[in-house]
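Engineer: Okay, handing you the structure first.
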Amino acid sequence: LLPILLHHFIYRRATPTTLPTFLLLGPSGAGKTALLTLAERNQVAATRTSTSPLAVEALLPEGFTPASSHYRSPGDPTFERSRCFLLVDTPGHGKLRHFATAQLADLSNVRGIVFVVDAAAVAEEAGLNEAAGYLHDVLLTLQKRYTGAKTSKGPKEIPVLVAANKEDLFTALPQHLARLELEKAISRIRKSKATGLKDSGVAMGGEEDAMEDEREWLGEGGEGPFEFQQMEEVGTSVTVLGGNVLGSEGSDVKGWFEWIAEHL
Ligand code: GDP
Numbered sequence: 030l031l032p033i034l035l036h037h038f039i040y041r042r043a044t045p046t047t048l049p050t051f052l053l054l055g056p057s058g059a060g061k062t063a064l065l066t067l068a069e070r071n072q073v074a075a076t077r078t079s080t081s082p083l084a085v086e087a088l089l090p091e092g093f094t095p096a097s098s099h100y101r102s103p104g105d106p107t108f109e110r111s112r113c114f115l116l117v118d119t120p121g122h123g124k125l126r127h128f129a130t131a132q133l134a135d136l137s138n139v140r141g142i143v144f145v146v147d148a149a150a151v152a153e154e155a156g157l158n159e160a161a162g163y164l165h166d167v168l169l170t171l172q173k174r175y176t177g178a179k180t181s182k183g184p185k186e187i188p189v190l191v192a193a194n195k196e197d198l199f200t201a202l203p204q205h206l207a208r209l210e211l212e213k214a215i216s217r218i219r220k221s222k223a224t225g226l227k228d229s230g231v232a233m234g235g236e237e238d239a240m241e242d243e244r245e246w247l248g249e250g251g252e253g254p255f256e257f258q259q260m261e262e263v264g265t266s267v268t269v270l271g272g273n274v275l276g277s278e279g280s281d282v283k284g285w286f287e288w289i290a291e292h293l
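Positions 30 to 293 (full-length UniProt numbering) are the ones given, in order, by the sequence shown.
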């Protein structure tokens, strides 16, 4: 219990900040810590916002322009400031996943979610199911936030980047296949969850039950296969991009930083 309490404490201390934040989610072993370390190394001045190892202040590397600063020039203090962001790591271990869920409850400073998967692990059934199950739950949380919003405008969009990491490994699925396999696995999960609800009697009869059932159904597009594109109708764009934090030929995270820049 103590480590959990400690963790909770660190967590609460790590979050209050006004810097634009990107959440790092994903199964353990995917490469979140590696990415965090890399992003932190990009800093000009290595200052940590807290003693927590879970949130680091990162700086968009040279050559990337935050979307909010397209009309500013490098050297302009506002431009330099706009390149700062906070990267918040969340434990991917199953038992600790509720911390990630807690992070999802307050998304006020969050510009986007980077969901890291091991592209070699998703080439195998167990790894694929773990990643897809977690991603399904994250996307469903975002969907509920959107459909449950009180205002007609809806909450601000939280885009998701699925960072297919470890592309340096020859066993890794290339990004288009990683995308396809994750979509297929989420289709299966979505279907089995719906069946599970019916079997448990949750969704028997009653209009209210039918509505409840619908709220648990990820994405639009009826009973057919799930596609990430369906998330756009519920205010979430999902982009799948391959890359690697480590590897014998160095790292390739250009696409991910470009994505972050687009949302910064
Ligand atoms: P986390 O549990 O998501 O924080 O994952 P870690 O960052 O601890 O990484 C898990 C393992 O994968 C470590 O042994 C890393 O060295 C390794 N790893 C991370 N990124 C890459 C990558 O791009 N390529 C390869 N080959 N290994 C990686």
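We put the beta carbon where it would ideally sit given N, CA and C, even for glycine.
1. Short of 6 Å in beta carbon distance, which residues of its chain neighbour Ala201, apart from the five on each side in sequence? Order them along the chain.
2. Could you say which of Leu116, Leu89 and Thr119 lies nearest to Arg110 if we only look at CA atoms?
3. Should Val191 and Thr265 be called a contact, given that it needs their Cβ atoms to be closer than 7 Å?
4. Hey, is Thr200 close to ligand 1, as in C-beta under 6 Å from one of its heavy atoms?
5. If you follow the alpha helix (DSSP H) that Ile289 is in, where does it begin and where does it stop?
6. For the alpha helix (DSSP H) holding Asn158, just list the boundary residues, first then last.
7. Classify Leu116 as helix, strand or coil using the three-state DSSP reduction.
8. So, do the stretch 52-61 and the stretch 148-164 have three or more beta carbon pairs nearer to each other than 8 Å?
9. Work out the CA separation of Leu168 and Glu261 for me, nearest whole Å.
10. Considering only the alpha carbon of each residue, which of Ala152, Thr119, Gly162 and Ala161 lies closest to Ile142?
11. Would the beta-carbon of residue 21 fall within 7 Å of that of Pro106?
12. Could you say which of Arg208, His205 and Glu245 lies nearest to Thr224 if we only look at CA atoms?
13. Using the DSSP secondary-structure output, state which residues sit across from Ile142 in a beta bridge.
14. So, at 7 Å on beta carbons, what are the nonlocal neighbours of residue 296 in its own chain, with the 5 sequence-adjacent residues on each side left out?
15. Tell me the rounded alpha-carbon separation between Asp166 and Asp135.
Structural biologist: On the basis of the supplied data:
1. Result list for Ala201: Ala148, Ala149 and Lys195, in chain order.
2. Leu89
3. no
4. no
5. Lys283 to Glu291
6. Glu154 to Thr176
7. strand
8. yes
9. 11 Å
10. Thr119
11. Since the first and last residues shown for the chain are 30 and 293, residue 21 lies out of range.
12. Glu245
13. Leu52 and Val189
14. With the chain covering 30 to 293 only, the question about residue 296 has no answer from this structure.
15. 16 Å
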